[in-house]
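Worksheet for the structure shown next.
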Amino acid sequence: MAELIAYFSRPGENYVNGNIVNLEVGNTEIAAKMIQEITGADLYKIEPLLEYSRDYSECLEETKADQRRQARPALKHPLPDVKKYEVIYLGFPNYWGTMPMPVFTFLEGCRLEGKRIYPFCTHEGSGMGHSLEDIKRMCPDSEIKNGLALSGAGVHFAKEAITEWLKGE
Ligand SMILES: Cc1cc2nc3c(=O)[nH]c(=O)nc-3n(C[C@H](O)[C@H](O)[C@H](O)COP(=O)(O)O)c2cc1C
10 MAELIAYFSR
20 PGENYVNGNI
30 VNLEVGNTEI
40 AAKMIQEITG
50 ADLYKIEPLL
60 EYSRDYSECL
70 EETKADQRRQ
80 ARPALKHPLP
90 DVKKYEVIYL
100 GFPNYWGTMP
110 MPVFTFLEGC
120 RLEGKRIYPF
130 CTHEGSGMGH
140 SLEDIKRMCP
150 DSEIKNGLAL
160 SGAGVHFAKE
170 AITEWLKGE
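Structure representation (structure tokens):
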């Protein structure tokens, strides 16, 4: 049974425990790679064609504007052929209480009917927000499993939580 990890993650300036830090690798990408190590699933990075700024405050503005107009930003890579996958691990940072808009582009563009979707997110305090409801709305014919919310700042120590979550499949 083939599995896919599709994730969005942004390197650059981010807020970590109250300070702005320049992250070379985004938090969600670290979690995605841990899942990959454990499951051996394929990886697909959901990247907008026009990347969000590495500058933190500019990124806040850009993403807020995208969310306000419910944008569906074009993606850099062609969508994966999801026919062969039964399971999709869907990873994203919590942006403004839900997923970054490129993840909406991904969900709208792929035929995910009948697939099991395991959402995971990294965040700075608000957990999954209303992302699960949004995924259910976007993918009414998929089976949406329990989400895993990981603190972005603590993601390097998340392997155990991820392992437990995967066991619950
Ligand atoms: C534009 C933006 C909006 C964010 N909104 C929220 C939020 O509403 N709630 C929250 O807990 N964290 C929020 N965060 C923090 C991120 O979810 C957190 O830092 C995450 O680990 C970043 O993941 P990444 O490094 O994979 O991109 C936001 C960060 C950014 C850049």
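For the sequence shown, position 34 matches number 43 in the working numbering, and the numbering has no gaps at all.
Heads up, the beta-carbon is just placed ideally off N, CA and C, and yes, glycines get one too.
Does the beta-carbon of residue i have 16 or more other beta-carbons within 10 angstroms, so that it is buried, or is it exposed?
i: A40; result: buried
i: K176; result: exposed
i: R77; result: exposed
i: P82; result: buried
i: T114; result: buried
i: T131; result: buried
i: M10; result: exposed
i: L141; result: buried
i: F129; result: buried
i: K73; result: exposed
i: G35; result: buried
i: R146; result: exposed
i: R19; result: buried
i: F166; result: exposed
i: V164; result: buried
i: Y84; result: Going by the sequence as given, residue 84 is Leu instead of Tyr. With 16 or more other Cβ atoms within 10 Å, it is buried.
i: L157; result: buried
i: P149; result: exposed
i: E12; result: buried
i: I97; result: buried
Using the DSSP secondary-structure output, state which residues sit across from residue i in a beta bridge.
i: Y98; result: I14, Y127
i: N28; result: V25
i: A158; result: C130
i: D64; result: According to DSSP, D64 bridges with nothing at all.
i: K54; result: Y16
i: E152; result: R125
Less than 8 angstroms between CB atoms is the rule here; does residue i satisfy it with respect to chain B?
i: V30; result: This model lacks chain B altogether; it includes just one protein chain.
Item to complete: Go through the region 76 to 120 residue by residue and report every complete run of the alpha helix (DSSP H) that reaches 4 residues or more, in order.
Response: Those alpha helix (DSSP H) runs which fall completely within the region 76 to 120 and span 4+ residues are 110 to 118.
Worksheet item: Taking contact to mean at least 3 C-beta pairs separated by less than 8 angstroms, is the region 104 to 120 in contact with the region 31 to 50?
Response: Here the region 104 to 120 does not lie against the region 31 to 50, with fewer than 3 beta-carbon pairs under 8 angstroms apart.
Discussion item. With three or more beta-carbon pairs closer than 8 angstroms as the criterion, would you say the region 19 to 26 touches the region 59 to 70?
Written reply: When Cβ pairs closer than 8 angstroms are counted between the two stretches, the region 19 to 26 is seen to touch the region 59 to 70, the count reaching three or more.
Worksheet item: Three or more C-beta pairs closer than 8 angstroms, one from the region 86 to 106 and one from the region 132 to 139: is that the case here?
Response: When C-beta atoms of the region 86 to 106 are compared with those of the region 132 to 139, three or more pairs fall below 8 angstroms, so the two segments count as touching.
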